[in-house]
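J.: Under UniProt numbering, the first residue of the sequence shown carries the number 1, and numbering increases by one thereafter.
No residue lacks a Cβ here, since even glycine has one placed at the ideal position from N, Cα and C.
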Amino acid sequence: MAALIKETIGFYNVYIVGKSDPRSRDWFLMDSFAYPFIILFLYFNFVLSWGPRFMINREPFKLNLILRLYNTIQILLNIYVLERCLTLGWFGRYRLLCEPVDWSESDHALEIARGVWVFFMIKFTDLLDTVFFVLRKRDRQVSFLHLYHHAGMFFMSYCSVKYAPGGHFTFVGLVNSIVHIIMYAYYLLVNIRPQYRYAWWKKCITQIQLVQFFLIAMHNTAILFMSRETCSTSRAQAVLLAVQTSVITLFFADFYYKEYIKPKRK
Numbered sequence: 001m002a003a004l005i006k007e008t009i010g011f012y013n014v015y016i017v018g019k020s021d022p023r024s025r026d027w028f029l030m031d032s033f034a035y036p037f038i039i040l041f042l043y044f045n046f047v048l049s050w051g052p053r054f055m056i057n058r059e060p061f062k063l064n065l066i067l068r069l070y071n072t073i074q075i076l077l078n079i080y081v082l083e084r085c086l087t088l089g090w091f092g093r094y095r096l097l098c099e100p101v102d103w104s105e106s107d108h109a110l111e112i113a114r115g116v117w118v119f120f121m122i123k124f125t126d127l128l129d130t131v132f133f134v135l136r137k138r139d140r141q142v143s144f145l146h147l148y149h150h151a152g153m154f155f156m157s158y159c160s161v162k163y164a165p166g167g168h169f170t171f172v173g174l175v176n177s178i179v180h181i182i183m184y185a186y187y188l189l190v191n192i193r194p195q196y197r198y199a200w201w202k203k204c205i206t207q208i209q210l211v212q213f214f215l216i217a218m219h220n221t222a223i224l225f226m227s228r229e230t231c232s233t234s235r236a237q238a239v240l241l242a243v244q245t246s247v248i249t250l251f252f253a254d255f256y257y258k259e260y261i262k263p264k265r266k
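#1: Run through DSSP, which three-state label would K19 get?
#2: Would you call the CB atoms of P165 and V239 closer than 8 Å?
#3: Can you tell me whether C85 is buried or exposed, with buried defined as 16 or more other CB within 10 angstroms of its CB?
#4: Roughly how many angstroms lie between the CA atoms of I248 and I208, to the nearest whole one?
#5: Quick check on the DSSP output: the alpha helix (DSSP H) that includes T245 runs from which residue to which?
#6: Which residue wins for smallest C-alpha separation from R170, given the options W117, F46, R235 and I73?
#7: Please state if the CB of R136 and the CB of P60 are separated by a distance shorter than 8 Å.
#8: Use the C-beta contact count for M30: other C-beta atoms within 10 angstroms, 16 or more gives buried, fewer gives exposed.
#9: Out of I223, K203 and V47, point me to the one whose CA is closest to I56's CA.
#10: In three-state terms, what does DSSP make of I39?
#11: Is the beta carbon of Y43 less than 8 Å from the beta carbon of L127?
#12: What residue from F120, L145, V179 and S234 has the CA that sits closest to F252's CA?
#13: Restricting to runs no shorter than 3 residues, where is the beta strand (DSSP E) found entirely within the stretch 83-121?
#14: Is it the case that the stretch 200-217 contacts the stretch 91-107, given that we only count it when at least three CB pairs across the two stretches are under 8 Å?
#15: When burial is assigned at 16 or more other CB atoms within 10 Å of the CB, is F225 buried or exposed?
#16: Just the C-alpha distance for G173 and T245, rounded to the nearest angstrom, thanks.
#17: Given a threshold of 16 other Cβ atoms within 10 Å of its Cβ, counted over all protein chains shown, does Q74 qualify as buried or as exposed?
#18: Let me confirm a value: F11 is counted as buried when at least 16 other C-beta atoms fall within 10 Å, else exposed. Which label applies?
#19: Leaving out five residues on either side along the sequence, give the residues of the same chain with a beta carbon under 7 Å from the beta carbon of S157.
#20: Consult DSSP for I181 and reduce its assignment to one of helix, strand or coil.
#21: Alpha carbon to alpha carbon, how far is I261 from D21?
#22: Excluding the 5 residues flanking H219 on each side, which residues of the same chain have their C-beta closer than 6 Å to its C-beta?
#23: In angstroms, rounded to a whole number, what distance separates the CA positions of R68 and D139?
#24: Taking the Cβ atom as the reference point for each residue, do A151 and L77 lie within a distance shorter than 8 Å?
And the structure:
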């Protein structure tokens, strides 16, 4: 038993701590790998147990002003991440495939790393989407797809800050921020003008999300076919992202079929 504990501690120190980026270790929520698990534990317990029990004999909360503020902040934060992705990398500096992470202490490298951290914090605040659903008794929207997507994006973005804050994997932030600017703009509009809830662009947002996940999956799958001599990007992270986004693509495709293609029963 003692040997097993020693091996576990050794594995943690070598691979979990030792492989992490020293530049981001002292940033908020980055100094311990326990944080994402604690946050997800609290998240799942609230949206699946504590929250529904709290709301069982209560009327849905009207959160219009809070939601307008929240959606506006999310739009602005995603615009910031998009600007960082474009000006620091994808507007000429980065190549399309296998851009290495700049591990230096240069101002440019640190700006990129901080941008990845901001993206992680957006995925953290995205978890409030589900909290608001629970408080408004929108139980149908707290689906497996919703929970899997939000938890997965939160955890993957945490790992990006900790192990690869820059380079190839910032493509996720680029396309995801575009999608979320559109999505939160739609949420804000619907909150102000409820008559637009069933407008044609609700369907388009799901289509855009499908395109997003497909592009991310292909972008990470492609480097698996490149030689290690020409591409030093982490294969493990690429596989993890490719699998995660492929699975979520299938879930979203199933949702899209049932919601917009499958004939409705009369």
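T.: Considering the structure as presented:
#1: Three-state result, K19: coil.
#2: Against a cut-off of 8 Å, the Cβ pair of V239 and P165 comes out as no contact.
#3: It counts as buried.
#4: In a straight line, the C-alpha of I248 is about 13 Å away from that of I208.
#5: Element bounds for T245: R235 to Y256.
#6: Note on identity: in this sequence residue 170 is Thr, with Arg being the wrong assignment. With distances taken between CA atoms, T170 lies nearest to W117 out of W117, F46, R235 and I73.
#7: Contact: yes.
#8: When all chains shown are included, M30 counts as buried.
#9: Measuring from the Cα of I56, the nearest candidate turns out to be V47.
#10: Look at I39 here: in three-state DSSP terms it is helix.
#11: Between Y43 and L127, the gap from beta carbon to beta carbon is short of 8 Å.
#12: Ranked by how close their Cα comes to the Cα of F252, the residues F120, L145, V179 and S234 have L145 in first place.
#13: Complete beta strand (DSSP E) runs here, min 3: none at all.
#14: Using a C-beta cut-off of 8 Å, the stretch 91-107 makes no contact with the stretch 200-217, since fewer than three inter-stretch Cβ pairs fall below that distance.
#15: F225 counts as exposed, since fewer than 16 other C-beta atoms from the protein chains shown sit within 10 angstroms of its C-beta.
#16: For G173 and T245, the distance between alpha carbons rounds to 13 Å.
#17: Buried, because 16 or more other Cβ atoms sit within 10 Å of the Cβ of Q74.
#18: Below a pLDDT of 50, predicted positions are generally treated as unreliable, and F11, at 48, falls in that range; the measurement from the model is reported next regardless. So F11 counts as exposed.
#19: For S157, where only same-chain residues beyond five positions count, the Cβ hits under 7 Å are F119, F120 and K123.
#20: If DSSP states are grouped into helix, strand and coil, I181 belongs with the helices.
#21: In this structure, the CA atom of I261 is about 45 Å from the CA atom of D21.
#22: Excluding its 5 nearest sequence neighbours in each direction, H219 has C-beta neighbours in its own chain below 6 Å: F171, listed in chain order.
#23: Straight-line Cα distance between these residues: approximately 21 Å.
#24: In this structure, A151 lies away from L77, with their beta-carbon atoms at least 8 Å apart.
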